[in-house]
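Participant: The following block contains the structure, expressed as structure tokens.
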Amino acid sequence: MRFKDKVVLITGAGRGMGRAIALAYATEGARVVVSARTREYGEETIAQIRALGAQAWLVGGDIADRVAVKSMVDGAIEAFGALDILVHCAADTAHGLITEMADETFDHLVRSNIQSLFWLAKDAAPHLAKAQDKGRIIFISSGEANRKYTPTLIPYGSSKAFMNAFARGLAVEFGALNILVNVIEPGLIGTDHMLATLGEDLPHRLAEHFPVPRLGQSADIASAALFLTSNEASYITGTSLLVDGGATMVTLPKVEEILKGH
């Protein structure tokens, strides 16, 4: 019960990694505020949390919308009167070549993946500064940020590189507020969305070539989030933790060969 009675706001908690993170905190005694763009998914997460005997509250909205982001933070305070931990997992992905991508597609990704960082940090900081121990912010980034390149994912990877840089600067600025800021960079994680995009077989074939030869699971990312917001990590801020089974160290030709044969 490392997080007993602490209040955790998790964006993108309706499915996948966000839901796994929400359930992990609930298991350890936290009061969880679930943010989900699709209400149905959010309600499913809430039901699972309450089945564990933990407290949960649902806030809706799109992270690309300024008013909705503020309502997420305000909802946490309204529900539980405090905010100790913010885990920002929600993001959008834009696939395609830069020369063929619509301006509107890129603009929406910027609002979702970049402007949301500013909004959340600004709105949450006054409350996180009053946290029981230290306020914590975790941004869920990607191995695409600085360590690798995947064709058609330039906007997504670039937005995550911005996230990493933003978090480092924020760690310095927010240190005076008693808030720690860190980043988790997932690799190839077997979420429902990813498997629906790439198929059931391809991700496992790619993972066979990783130093840890298996597909990552959402629970792997949840474990990293719990560690970085625990007392054991109270001297860690401004860092980025890569959780990818060594995927970014695999030579690109191996991966490209598999992708071409897909």
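Heads up, the sequence shown is in full-length UniProt numbering, so the first residue is 1 and it goes up one at a time. Don't be surprised by glycine CBs; every beta carbon is placed ideally from N, CA and C.
Would you mind giving the Cβ-Cβ distance between residue 86 and residue 9, rounded to the nearest angstrom? I have them listed as a contact below 8 Å.
Facilitator: Contact flag correct, Cβ pair sits at about 5 Å.
Participant: Would you mind listing the alpha helix (DSSP H) stretches within the stretch 98 to 153 that are 4+ residues and don't spill past its ends, in chain order?
Facilitator: The stretch 98 to 153 contains these whole alpha helix (DSSP H) runs: 103 to 110, 116 to 128.
Participant: Assuming residue 129 and residue 146 are in contact, meaning their beta carbons sit under 8 Å apart, how far apart are those beta carbons, in whole angstroms?
Facilitator: With a Cβ gap of about 29 Å, residue 129 and residue 146 do not count as contacting.
Participant: Mapping the DSSP letters down to three states, classify residue 212 as helix, strand or coil.
Facilitator: Of the three classes helix, strand and coil, the one that applies to residue 212 here is coil, per DSSP.
Participant: So, at 8 Å on beta carbons, what are the nonlocal neighbours of residue 23 in its own chain, with the 5 sequence-adjacent residues on each side left out?
Facilitator: So the qualifying residues of the chain are 45, 48, 49, 52, 222.
Participant: Note down, in chain order, each residue of its chain lying with its Cβ closer than 6 Å to the Cβ of residue 12, except the 5 sequence neighbours on either side.
Facilitator: Cβ neighbours of residue 12 beyond the five flanking positions: 18, 89, 90.
Participant: Residue 140 and residue 184 look like a contact to me (Cβ under 8 Å); what is the Cβ gap, rounded to whole Å?
Facilitator: That belief holds up - the Cβ atoms of residue 140 and residue 184 are roughly 5 Å apart, short of 8 Å.
Participant: Once DSSP output is grouped into helix, strand and coil, what is the label at residue 172?
Facilitator: Helix, per DSSP.
Participant: Which class does residue 193 belong to by DSSP, given the choice of helix, strand or coil?
Facilitator: Three-state result, residue 193: helix.
Participant: Count the other CB atoms, across all protein chains shown, that sit within 10 Å of the CB of residue 234; report buried if there are 16 or more and exposed otherwise.
Facilitator: Result: exposed.
Participant: With a threshold of 8 Å, are at least 3 pairs of Cβ atoms found where one atom belongs to the stretch 109 to 120 and the other to the stretch 184 to 204?
Facilitator: Touching, no.
Participant: If you reduce the DSSP assignment to three classes, tell me which class residue 204 lands in.
Facilitator: Residue state, collapsed to three classes: helix.
Participant: Compare the Cα-Cα distances from residue 34 to each of 28, 27, 43 and report the closest residue.
Facilitator: Taking only the C-alpha atoms, the option nearest residue 34 is 43.
Participant: Identify which residue in 94, 104, 164, 155 has its Cα closest to the Cα of residue 118.
Facilitator: Measuring from the Cα of residue 118, the nearest candidate turns out to be 164.
Participant: How close, in whole Å, do the beta carbons of residue 186 and residue 244 come, if the pair is a contact with beta carbons under 8 Å?
Facilitator: Their Cβ separation, rounded to whole angstroms, is 7 Å, which keeps residue 186 and residue 244 in contact under 8 Å.
Participant: Distance check for residue 114 and residue 175, CA to CA, integer angstroms please.
Facilitator: Between residue 175 and residue 114, the C-alpha separation is close to 21 Å.
Participant: What does residue 44 pair with, by DSSP beta-bridge criteria?
Facilitator: According to DSSP, which records beta bridges pairwise, residue 44 is partnered with nothing at all.
Participant: Given this structure, state the Cα-to-Cα distance separating residue 69 from residue 196, to the nearest angstrom.
Facilitator: Rounded to whole angstroms, residue 69 to residue 196 spans 28 Å at the Cα level.
Participant: Let me make sure I understand the geometry here. Which of 143, 31, 191, 180 has the alpha-carbon closest to that of residue 229?
Facilitator: Selected option, being the one with the closest Cα: 180.
Participant: Cβ atoms of residue 16 and residue 191: under 8 Å apart, would you say?
Facilitator: Cβ distance < 8 Å, so residue 191 and residue 16 count as in contact.
Participant: Exposed or buried, which one is residue 126 when buried takes at least 16 other CB atoms within 10 Å?
Facilitator: It counts as exposed.
Participant: Which of the three DSSP states, helix, strand or coil, is assigned to residue 56?
Facilitator: Reduced to three states, the DSSP call for residue 56 is strand.
Participant: Is the Cβ-Cβ distance between residue 216 and residue 172 less than 8 Å?
Facilitator: Going by C-beta atoms, residue 216 is not nearer than 8 Å to residue 172.
Participant: Per DSSP, residue 178 is paired with what?
Facilitator: DSSP output for residue 178 lists no bridge partner at all.
Participant: To the nearest whole angstrom, what separates the beta carbons of residue 124 and residue 83, a pair I think is in contact under 8 Å?
Facilitator: About 6 Å; that satisfies the 8 Å criterion.
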